[in-house]
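>
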Amino acid sequence: MSTEGPLGEFFKQVRETKGLTLEEVALKTRIQTDYLKALEEENYAKLPDQVFAKGFVRTYARSMGLDEDDALRRFQESAGAFYEKLAERDRLRQEQAHDEIQRKTNRRVLVATLAVALVGMIFLFSREQSTVVTTRPAVVPEPPAVSIQPPTGLGERFEVPAADPFGSAPGQQHSMPEQLTTNGSVEGGGLGDGASETEPLVLDVEATELSWVVVQVDGASPHEALLRPGDRLTWKARDQFTVTLGNAGGVRVQLNGETQGPFGPSGAVVRDILLMR
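Quick note on my numbering: the sequence shown kicks off at 6 and runs consecutively.
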């Protein structure tokens with residue numbers, strides 16, 4: 006019997022010399038028959054982890070009365086290359102798994118970054134969106150000229166120009182000159198006692214949602230305010246208001262008690278709304 010050579014062949018020769026079967030060795034060592042056969046055939050792929058395989062070698066050698074260290078040396082010589090390749094394969098698998106996890110993480114980070122950037126762009130775009138809305142007063146038809154017939158003998162008649170529909174308040178009268186000459190002279194009093202004071206424009210803004218507003222009165226410096234739901238502010242002007250709404254759908258606007266708008270949906274920024282007579 007050769008004392009050198011592959012470990013598996015050596016184990017088999019010793020077992021057969023002693024007249025033992027694999028099943029008998031399995032009962033003695035408590036190692037499964039398949040593992041004992043794999044050791045003798047040096048089929049290391051059928052053995053468990055290298056640590057367990059070394060334990061089997063020691064136990065098998067001890068049961069046969071062989072030197073355990075010498076058996077481990079032979080095992081290392083014959084099985085070392087196999088387990089090195091196995092370790093290298095496991096290392097490559099771990100690296101590939103790590104790389105795959107890293108790629109997935111990078112993709113998630115990229116997607117999250119793009120999503121944040123997109124949301125930011127949408128937010129900035131919505132804040133910069135500007136819609137100019139101008140409310141125009143209803144067209145008032147021009148009244149016909151008033152014809153006044155002077156007394157008999159005073160000559161031709163004269164006309165008083167029509168009242169300016171945008172320049173005078175209701176009920177305002179135009180005064181007549183004290184003396185008119187048309188192929189003669191007319192002495193008489195005026196037709197009115199003077200123009201009445203122009204009523205101011207009154208702007209009411211009431212918030213139904215959180216909103217900021219900017220109001221410019223008759224071209225003066227703008228007034229800014231942050232309104233919470235239920236807040237209401239009032240301004241007065243002589244000719245006009247220029248209004249900017251930070252949340253067009255979150256406010257109610259009235260001019261001299263008349264509802265204006267709507268100027269836009271909730272969340273829309275609407276600038277330079279001109280409110281005038």
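A virtual CB, placed ideally from N, CA and C, is assigned to each residue, including glycine. Note that this is a predicted model, so its numbers are computed, not measured.
In the DSSP assignment, what residue or residues form a beta bridge with Thr239?
Asp209
> Give, in chain order, every unbroken run of the alpha helix (DSSP H) that is at least 4 residues long and sits entirely within the region 42-128.
55-68
> Within the same chain, show all residues whose beta-carbon is closer than 7 angstroms to that of Glu46, passing over the 5 residues directly before and after it, in chain order.
Gly13
> In whole angstroms, what separates the C-alpha of Val56 from that of Arg113?
40 angstroms
> Taking the alpha-carbon positions, what's the Arg288 to Asp236 distance?
Limits of the chain in this structure are 6 at one end and 282 at the other, which puts residue 288 out of reach.
> Let me know if Thr247 comes out buried or exposed under the rule of 16 or more other beta-carbons within 10 Å of its beta-carbon.
buried
> Work out the CA separation of Glu263 and Lys241 for me, nearest whole Å.
14 angstroms
> Three-state secondary structure (DSSP) at Gln37?
coil
> So what's Glu204 in DSSP terms, helix, strand or just coil?
coil
> So Leu12 is in the alpha helix (DSSP H); what residue range does that whole segment cover?
12-22
> Since Lys33 contacts Ser83 with CB under 8 angstroms, what's their CB separation in whole angstroms?
Their Cβ separation, rounded to whole angstroms, is 23 angstroms, which puts Lys33 and Ser83 out of contact at 8 angstroms.
> For Val30, name the three-state secondary structure that DSSP assigns.
In the structure shown, the three-state DSSP call for Val30 is helix.
> Please classify Ile36: is it buried, with 16 or more other beta-carbons within 10 angstroms of its beta-carbon, or exposed?
buried
> Do you know offhand how far Pro267's Cα is from Glu211's?
Taking the straight line from one Cα to the other gives about 13 angstroms.
> Going by DSSP, what residues sit across from Ala230 in a beta bridge?
Val218
> Under the rule that 16 or more other beta-carbon atoms within 10 Å means buried, what is Lys109, buried or exposed?
exposed
> Relative to the C-alpha of Gly60, which residue among Ala50, Gly70, Ala76 is closest?
Ala76
> Give me the DSSP bridge partner(s) of Phe246.
Val222, Leu280
> Tell whether a beta-carbon distance below 7 angstroms holds between Val218 and Leu250.
Taking C-beta atoms as the reference points, Val218 and Leu250 count as a pair closer than 7 angstroms.
> Can you pull the DSSP bridge partners for Leu260?
Leu208, Glu263
> When DSSP builds the beta bridges, which residues end up paired with Val275?
Leu250
> For Glu100 and Ala92, I'd like the C-alpha separation in whole angstroms.
Going by C-alpha positions, Glu100 is about 12 angstroms away from Ala92.
> Buried or exposed for Ala253, going by 16 or more other Cβ atoms inside 10 Å?
buried
> Going by C-alpha to C-alpha distance, which of Ser216, Asp39, Ala117 sits closest to Glu28?
Asp39
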